[in-house]
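As numbered in my numbering, residues 8 to 314 make up the sequence shown, in order.
Cβ coordinates follow ideal geometry from the N, Cα and C atoms, glycine included.
In this text the structure is predicted, and so the values were computed from the model without any measurement.
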Amino acid sequence: MKVVINGRGRQPRRPVVGLALSGGGLRGAAHIGVLRALEANAIPIDMVAGTSAGAIVAALYACGHTPAAMQKILEGLNLKELVDFKLPIGDLFKYGCQWLFSGKLRFWSALPSGLIQGKKIEECFTRWWQNRTVRQTRIPLAITAVDLHSGDTVFFSTPIPGRRDILNARYYHNALITDAVRASISIPGVFYPKKYRGMMLVDGAIKNNLPTDILHHMGAEVIIAVDLGYSGQPNYAIKSVSDILMQCIDIMGREVTLYKAEQYASIIIRPPVKDLTVTNTKQFAQCIALGEQAMVEHISELRALLN
């Protein structure tokens, strides 16, 4: 137990606890199970950071949503209504003609910057967070994205006095939570990048899928990291361009996590959800249960760290 000294002597103080939530697509529902286990065991969370799917859960939690409330939100979602594809047959023909008559050698150069425009999901986020900014949260919040123009990591974060900066990173403290999360979920080639202050922002998983470093620099002393990323298991189901792209992103994310994220994590939770195929909201309950079970198995270890 840490101690602080005041005018009346030495008094015990518990460590500042941070929670880092990784990307993981729809499997990100497992983060809710982790939070449910932490809540049930009275483990305090003082600050939270998230990437991609983890950014959604982190932002909801930082704004005061309980795990039960988050599960209710998920169960009420209609995933098909959140997808606005931007490549109908007519557009595909148009882009094909552009490629054919432009003299360019690559068909891909004639395609748009993503398959999903992202306006519908952004409207959903606006309903959740209204005009709330990353300053206006119950506990400090950090959300990661990457600027394609500069290659810099972008942190949308609650300002904290004494915070130390990370190299090759930019910080924005007045951004709408909706904009920050929309940027963080922008999987390259799937979602249109989020344009923000002259930047072209994509999924933070490109450089920082498990954002333990920002929590460390914000002052967290015990960092719980929940990793839903690629764990190195063989993948023999790669058949399409999108499969190749996603596998490449997974591999890069794993290398970054092994190199950077783990050095700041006090404890890493890896719910066994990677092989779970989530195709509808009914499977969210299974993800949540797996996340909760994985966290429960590490509660005693976590209590030892806090004491």
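Burial state of residue i (16 or more Cβ within 10 Å)
i, result
"Ser-157", "exposed"
"Cys-294", "buried"
"Glu-299", "buried"
"Thr-284", "exposed"
"Lys-214", "buried"
"Ala-227", "buried"
"Ala-311", "exposed"
"Ile-150", "buried"
"Ile-194", "buried"
"Pro-119", "Unreliable positioning characterises Pro-119 in this predicted model, as indicated by a pLDDT of 47, which lies under 50. The coordinate reading is nonetheless provided below. Pro-119 is exposed by the Cβ-count criterion."
"Ile-276", "buried"
"Val-248", "exposed"
"Gln-270", "exposed"
"Ala-212", "buried"
"Asp-282", "exposed"
"Gln-78", "buried"
"Leu-208", "buried"
"Leu-42", "buried"
"Ile-39", "buried"
"Leu-174", "exposed"
"Ala-76", "exposed"
"Asp-250", "exposed"
"Leu-99", "Confidence at Leu-99 is low in this model, with a pLDDT of 44, below 50, so the placement of that residue is unreliable and no value is reported for it."
Residue i: first and last residue of the uninterrupted beta strand (DSSP E) it sits in
i, result
"Gln-163", "Inspection of the sequence shows that residue 163 is occupied by Phe rather than by Gln. Run containing Phe-163: 160 to 164, per the beta strand (DSSP E) assignment."
"Arg-177", "176 to 179"
"Asp-220", "Element bounds for Asp-220: not the beta strand (DSSP E) but the alpha helix (DSSP H), 219 to 225."
"Val-229", "229 to 233"
"Leu-28", "24 to 28"
"Thr-58", "54 to 58"
Residue i, enclosing alpha helix (DSSP H) - first and last residue
i, result
"Tyr-199", "From DSSP, Tyr-199 is part of no alpha helix (DSSP H); its letter is neither H nor E."
"Leu-45", "37 to 47"
"Thr-133", "126 to 136"
"Gly-298", "291 to 303"
"Pro-74", "74 to 82"
"Val-188", "184 to 191"
"Ile-306", "306 to 313"
Beta-ladder partner(s) of residue i, from DSSP
i, result
"Asp-154", "Leu-208"
"Arg-21", "Arg-21 pairs with nothing; no bridge assigned."
"Ile-276", "Val-233"
"Leu-252", "Per DSSP, none; premise fails for Leu-252."
"Thr-140", "Leu-183"
"Leu-148", "Val-55"
Contacts around residue i, its chain only, beta-carbon distance under 8 Å, and the 5 residues preceding and following it disregarded
i, result
"Gln-46", "In the sequence as displayed, the identity of residue 46 is Glu instead of Gln. Counting only Cβ-Cβ distances below 8 Å, and skipping sequence neighbours, we find Thr-73 and Pro-74."
"Pro-279", "Leu-297 and Ala-301"
"Ala-272", "Ala-27, Leu-217, Thr-219, Ile-230, Ile-231 and Ala-232"
"Val-23", "Asp-53, Met-54, Gly-226, Ala-227, Glu-228 and Val-229"
"Asn-13", "Residue confidence is low: Asn-13 scores 46 on pLDDT, short of 50, so the model does not pin down where it sits. Its coordinate-derived value is still stated next. Nothing listed; no residue qualifies."
"Leu-89", "Lys-127, Ile-128 and Cys-131"
"Ala-37", "Gly-31, Val-233, Leu-235, Pro-278, Val-280, Cys-294, Ile-295, Leu-297, Gly-298 and Ala-301"
Cutoff 6 Å; reference residue i; Cβ partners in own chain excluding five residues on either side
i, result
"Asn-48", "Ile-306"
"Ala-62", "Ile-150, Val-188 and Ser-191"
"Arg-139", "Ile-184"
"Phe-108", "At Phe-108 the pLDDT is 47, less than 50, meaning the model places this residue with poor confidence; the figure from the coordinates comes in the next sentence. Within the same chain, Phe-108 has no close Cβ partners at all."
"Ala-268", "Leu-217 and Thr-219"
Residues of its chain near residue i, where Cβ-Cβ distance is below 7 Å and the 5 sequence neighbours each way are ignored
i, result
"Leu-26", "Ile-52, Val-55 and Ile-231"
"Leu-84", "Thr-288"
"Val-263", "Lys-214, Asn-215 and Asn-216"
"Asp-154", "Val-161, Met-206, Met-207 and Leu-208"
C-beta neighbour in chain D for residue i, strict 9 Å
i, result
"Thr-144", "Absent from the structure: chain D. Only one protein chain is present."
Worksheet item: How do the segment 297 to 308 and the segment 252 to 263 stand: do at least 3 beta-carbon pairs fall below 8 Å, yes or no?
Response: The answer is no - the segment 252 to 263 does not touch the segment 297 to 308, with fewer than three Cβ pairs under 8 Å.
Discussion item. Could you check whether the segment 189 to 205 touches the segment 221 to 231, counting it as contact only if at least three pairs of C-beta atoms, one from each stretch, sit closer than 8 Å?
Written reply: Result no; under three Cβ-Cβ pairs closer than 8 Å.
Worksheet item: Would you call the segment 149 to 167 and the segment 179 to 187 touching, i.e. three or more CB-CB distances under 8 Å?
Response: Because the criterion of three Cβ pairs below 8 Å is met, the segment 149 to 167 and the segment 179 to 187 touch.
Discussion item. For the segment 121 to 135 against the segment 29 to 36, do three or more pairs of beta-carbon atoms, one drawn from each stretch, fall closer than 8 Å, so that the two count as touching?
Written reply: In short, these stretches do not touch, since the Cβ pair count stays below three.
Worksheet item: Counting pairs of Cβ atoms below 8 Å between the segment 142 to 152 and the segment 65 to 72, do you hit three or more?
Response: A contact between stretches requires three or more CB pairs, one per stretch, nearer than 8 Å, and the segment 142 to 152 meets this requirement with the segment 65 to 72.
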